[in-house]
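**Q** When the sequence shown is numbered by the working numbering, its final residue is 347 and no position is left out of the sequence of numbers. All residues carry an ideal CB built from backbone N, CA and C; glycine is no exception. Here the structure is a predicted model, which is why all the values come from computation and not from measurement.
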Amino acid sequence: MKELARHLGAELLDETAGERLVRSVSPVSRAKAGDICYILSRKNKAELETCQASAILCDAGLRSAVPDHIPVLLTRTPHSAFAAAGALLHPEGLRPSAVTSEPAGISPAAYVDPTARLEDGVHVEPMAVIGAGAEIGSGTRIGAGAVIGANVTIGRDCTIAAGASVIASMIGNGVIIHNGARIGQDGFGYAPGPRGFMKIVQVGRVIIQDNVEIGANTTIDRGAMDDTVIGEGTKIDNLVQIAHNVRIGRHCGLASGTGIAGSTTIGDGVMIGGASGINGHITIGDGVQIAAMSGVVGDIPPKAKYGGIPARPMPDFLRDIAEIMMRSDERAKKRGDRNG
């Protein structure tokens, strides 16, 4: 426990618990001996009474809520400390797991074009295909059935999980692309003509900077003539659609079901809730927060909080919702009076 506290930068309040072993992470509701958990509010108070965790992370404001039988690791940032504990105790859980147990190296059941350049330490699983002129850095794993297109470059210590495809792309270091993601395919570009739609050529790239994580079955289209860019440290959930020429800044978070239309620019540190739709050719400023299921139709200034359809400043959205609910209650009451 003492070593864990030191690693997390947390204060162990009960020094007599310093030699306890912590083996895993767990939610409060089912934590047992050997587990560490965390709390962010007092809503877990009832569960804490029966919790048998070997340690709990919390801040000073919640210390009094923790029963005496659970040793406390005091920290100002319990959520991030819990994430660090999980990474220490379960490093294998930080990346998609390998499909096979073959030793590192190139599987004889994979295809690697003779002109591809792979550094030492690249692991290629069965049925993966690596195209002509591709370059892959050391420590990177290409999962079973993944397809790496011609002239794609992938940095070091990346994971391209099973069934993913990466074409027309430049990938940085430490990038994780989960199962079934599609990176670098053509965007939706057509010009109407007298005989129907005419395809507009898509000849740009996807550029993914260092330490980006892209969820399962997410799609990121290549640029039409410019590039589609995903900034350093950005995390993208499963089932997100990012269209051609979109530029996303550093350390953004996009939840599942989000769709971003073409040529939109998103600043640094932007958070977008699930199932949101973002119009094309607009700019979203740094630090913006967008509520789930919002429809963004125009520019949003930096650090603003927006929600609703169409998306508007959060105070306006909440006021509109309150008014709708009040009117709904009034109508229900009138119907009840008539029926009574």
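Measure how close the beta-carbons of residue 292 and residue 316 come, nearest whole angstrom, since I'm counting them as under 8 angstroms.
**A** By 1-based counting over the sequence shown, the position of residue 292 is 285. By 1-based counting over the sequence shown, the position of residue 316 is 309. At roughly 20 angstroms, the Cβ-Cβ gap does not stay under 8 angstroms, so residue 292 and residue 316 are not in contact.
**Q** On a Cα-Cα basis, can you pick out the residue from 56, 178, 274 that is closest to residue 227?
**A** Within the sequence shown, residue 227 is the residue found at index 220, counting from 1. Minimum Cα distance to residue 227 is reached at 178.
**Q** Could you give the distance in angstroms between the alpha-carbon of residue 131 and the alpha-carbon of residue 327?
**A** Working through the sequence shown from its first residue, we reach residue 131 at position 124. Working through the sequence shown from its first residue, we reach residue 327 at position 320. Each residue's alpha carbon lies about 54 angstroms from the other.
**Q** For residue 57, name the three-state secondary structure that DSSP assigns.
**A** Locating residue 57 in the sequence shown gives position 50, where the first residue counts as 1. Three-state DSSP puts residue 57 in a helix.
**Q** Any chance you could list the beta strand (DSSP E) runs of at least 3 consecutive residues sitting entirely within the region 210 to 261, in chain order?
**A** The region 210 to 261 contains these whole beta strand (DSSP E) runs: 213 to 215, 235 to 237.
**Q** Answer yes or no: do residue 79 and residue 20 have a C-beta to C-beta separation smaller than 8 angstroms?
**A** Numbered from 1 along the sequence shown, position 72 holds the residue referred to as residue 79. Numbered from 1 along the sequence shown, position 13 holds the residue referred to as residue 20. Yes. Within cutoff.
**Q** Can you check whether the CB of residue 195 is closer than 8 angstroms to the CB of residue 282?
**A** For the purposes of this step, residue 282 is taken as residue 275 along the sequence shown, with counting starting at 1. For the purposes of this step, residue 195 is taken as residue 188 along the sequence shown, with counting starting at 1. Contact flag unset, no.
**Q** Output needed for residue 237: all residues of its chain with C-beta closer than 6 angstroms, excluding positions within five of it in sequence on either side, in chain order.
**A** As a position in the sequence shown, residue 237 is number 230, starting the count at 1. Result list for residue 237: 215, 219, 255, in chain order.
**Q** Give a yes or no on contact between the region 238 to 247 and the region 195 to 212, applying the rule of three or more CB pairs nearer than 8 angstroms.
**A** At 8 angstroms Cβ cutoff, the stretches do not touch.
**Q** What is the DSSP secondary structure of residue 5, reduced to helix, strand or coil?
**A** Summary: the structure shown does not reach residue 5, with the chain confined to residues 8 through 347, and so no result is reported for it.
**Q** Residue 133 and residue 104: beta carbons closer than 8 angstroms?
**A** The sequence position of residue 133 within the sequence shown is 126, counting from 1. The sequence position of residue 104 within the sequence shown is 97, counting from 1. Their beta carbons are not under 8 angstroms apart, which means residue 133 does not touch residue 104 by this criterion.
**Q** Roughly how many whole angstroms lie between the Cα atoms of residue 246 and residue 314?
**A** Along the sequence shown, read from residue 1 onward, the residue named residue 246 stands at position 239. Along the sequence shown, read from residue 1 onward, the residue named residue 314 stands at position 307. Distance between the alpha carbons of residue 246 and residue 314 is about 21 angstroms.
**Q** Give me the Cα-Cα distance between residue 29 and residue 61, rounded to the nearest whole angstrom.
**A** Residue mapping note: residue 29 aligns to position 22 of the sequence shown, counting from 1. Residue mapping note: residue 61 aligns to position 54 of the sequence shown, counting from 1. Distance between the alpha carbons of residue 29 and residue 61: 7 angstroms.
**Q** For residue 304, does the count of other Cβ atoms within 10 angstroms reach 16, so buried, or fall short, so exposed?
**A** As a first step, residue 304 must be located in the sequence shown, where it is residue number 297. Exposed, because fewer than 16 other Cβ atoms sit within 10 Å of the Cβ of residue 304.
**Q** Please determine, among 191, 223, 56, the residue with the shortest C-alpha to C-alpha distance to residue 232.
**A** Counted from its first residue, the sequence shown places residue 232 at position 225. Here the closest residue by C-alpha is 191.
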